[in-house]
Each structure stands twice: as structure tokens, then as C-alpha cells.
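Student: For the sequence shown, our numbering assigns the number 22 to the initial residue and increments by one for each residue that follows.
Positions of the beta carbon are idealized from the N, C-alpha and C atoms, including for glycine.
In this text the structure is predicted, and so the values were computed from the model without any measurement.
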Amino acid sequence: MQKIGFGGGCHWCTEGVFQALLGVVEVEQGFIQSDAPWDAWSEGVLVHFDPAIIDLGTLAEVHLRTHSANGTYSPGGRYRSAIYVFDAHQRQTAVLMIDHIATESGAPARTMVLPFVAFKPSEARYQNYYRSNPDRPFCRRYIDPKLDYIRRNFAAIARPLEAGYRTERVLRIVPSGGAGGMPQTQVYDVRRSNQDATGNGHGDLGRSLLQRKCADRHQHDPDQPET
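1) Express the C-alpha separation of residue 119 and residue 82 in angstroms, rounding to a whole number.
2) For the stretch 99-136, which segments carrying the alpha helix (DSSP H) assignment without a break, of at least 4 residues, lie completely within its bounds, in sequence order?
3) In whole angstroms, give me the CA-to-CA distance for residue 31 and residue 145.
4) Kindly list the residues whose CB is nearer than 6 Å to the CB of residue 84, restricted to its own chain and excluding five residues on each side of it in sequence; keep chain order.
5) Assign residue 153 to one of two classes, buried (16 or more other C-beta atoms within 10 Å of its C-beta) or exposed (fewer than that).
6) When DSSP builds the beta bridges, which residues end up paired with residue 179?
7) In its own chain, which residues sit with a C-beta less than 8 Å from the C-beta of residue 62, not counting the 5 before and 5 after it?
8) The ligand FMN heavy atoms versus the CB of residue 51: any closer than 7 Å?
9) Are there 16 or more other CB atoms within 10 angstroms of the CB of residue 125, so buried, or fewer, so exposed?
10) DSSP on residue 164, reduced to helix/strand/coil?
11) I'd like the span of the alpha helix (DSSP H) that includes residue 83, first residue to last.
12) Considering Cα atoms alone, identify which of 155, 40 and 131 is closest to residue 29.
13) Starting from residue 63, trace the beta strand (DSSP E) in both directions and tell me its first and last residue.
14) Taking the alpha-carbon positions, what's the residue 22 to residue 113 distance?
15) What three-state label does DSSP hand residue 49 in the structure shown?
16) Between which residues of its own chain and residue 46 is the CB-CB distance below 8 Å, once the five residues before and five after are set aside?
17) I need the DSSP call for residue 224, collapsed to helix, strand or coil.
18) So, is residue 173 buried or exposed, given that buried needs 16 or more other C-beta atoms within 10 angstroms?
19) Closer than 6 Å by C-beta to residue 38: which residues in its own chain qualify, once you throw out the five before and the five after it? Chain order, please.
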């Protein structure tokens, strides 16, 4: 068994991504610390994996493709994009994958490769955030598209849906970031319980517009974790 640390945006998302992969034995959600000047606690996960089933290069690729590796993050901030390594071999593998993704995309990857120093877990109520209730507005908006990407692009290592769940195709309209730009349409498959949490079989349509606006107001939903 081996372990590696990942950070990039919200750790609820990162936890859900790696829990969806075959060969991942455990995902610890919390905050990771590296050496100065990157010693501020930042959201991340510790991934325990079986290298006979899934290798480190694949894990690093999944991480880089399921968050904004080219995005603007404060290196010392709460959401820094990083791979936290335990030895020189892990460092080399991570650097090679970051370089590969950067070359492929034509954009510099801002994901850092940092030594792992310390970890502290999130509060118990935030652990297994997606698995405990995939029908949360946050899960539907931010995590479901990432899991759909895994099922489409990493099908060989994607965990099958648990009994009692099904896939459901969702259409989402995303406003353009620029003035006068056209909205974009995204279509993806999501996991849904056969016992719909809304009790009306209409998913997001069953919630009021006010509820949906409140849920989407911030990257985290209203019960944002404490650092």
C-alpha cells in the first residue's frame, strides 16, 4: 500500500474524485501542510492506493484533469493546486505528469510538487461528503460533472455504481464569463438514488429558485468547513 497527497480547490470535490477510482483503498479528507513558504494549511486529501491496481501516474493524471490545474491559485492559500510527495520517485512521477499535461494543453500547469509534512482531518461531519448525500446542491453542481468525466475518460478504473443508484443525464446552462457572451450548454451523467432525495422525482426542479441560488452562491455550500 502507498499514499500520496493531492490538493486543488475544494477537498470535498477531491475526496469524491478519488473515492470513485478502483485501487484507491482510502481517502482522508482534510488539510495538508508542506515546508515553508507553503506551510499554511491547505485543503487536500491523502490517498491510500494499491499500486498493483492503479499507479501513481494515473492518480496524478486524474487529479490534473479534474480540477483547474492551469487556474490561478494562491500558492500559500487555502486552495493551492499541489501534489504532496513522500519520496524522490513520487516527485519524479508527479513532475513528468504535470509537464505532459502542460505540453498537451499548451498552457503552463500551476500545480506544484511539494514535500508532504503534515495532515489534519476535516471535522467528522464533512467526511465522505459526496457519498453521504450525493443529492446535495453542491454535489450536483460541482462533483457530479467530475465523476461523469471519470466514467467517460477513465472507464477502466472507475468504480461501478452501488446498488440502489442509477445514472441520469443532466443538462446545465452555464452563463458566459464575458460581457455579451453566449451561455454554454453542458450535458453529463450523474449518480442518482432510486429513492430521490426530493421525494418528487424532479431533482433540482423540485427545489425553489431561492434554494438553488443560495446553494450556488459560493463554491462551498452554507455549512462551509472550518480551517
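Tutor: If we stick to the structure as given:
1) 8 Å
2) 109-126
3) 16 Å
4) 27
5) exposed
6) 42
7) 52, 53, 54, 99, 141 and 248
8) Because no ligand of any kind appears in the structure shown, any question about the ligand FMN cannot be addressed here.
9) exposed
10) helix
11) 77-86
12) 131
13) 63-70
14) 19 Å
15) strand
16) 22, 69, 70 and 71
17) Its pLDDT being 36, under 50, residue 224 is placed unreliably by the model, and the measurement read from it follows with that caveat. If DSSP states are grouped into helix, strand and coil, residue 224 belongs with the helices.
18) exposed
19) 87 and 167
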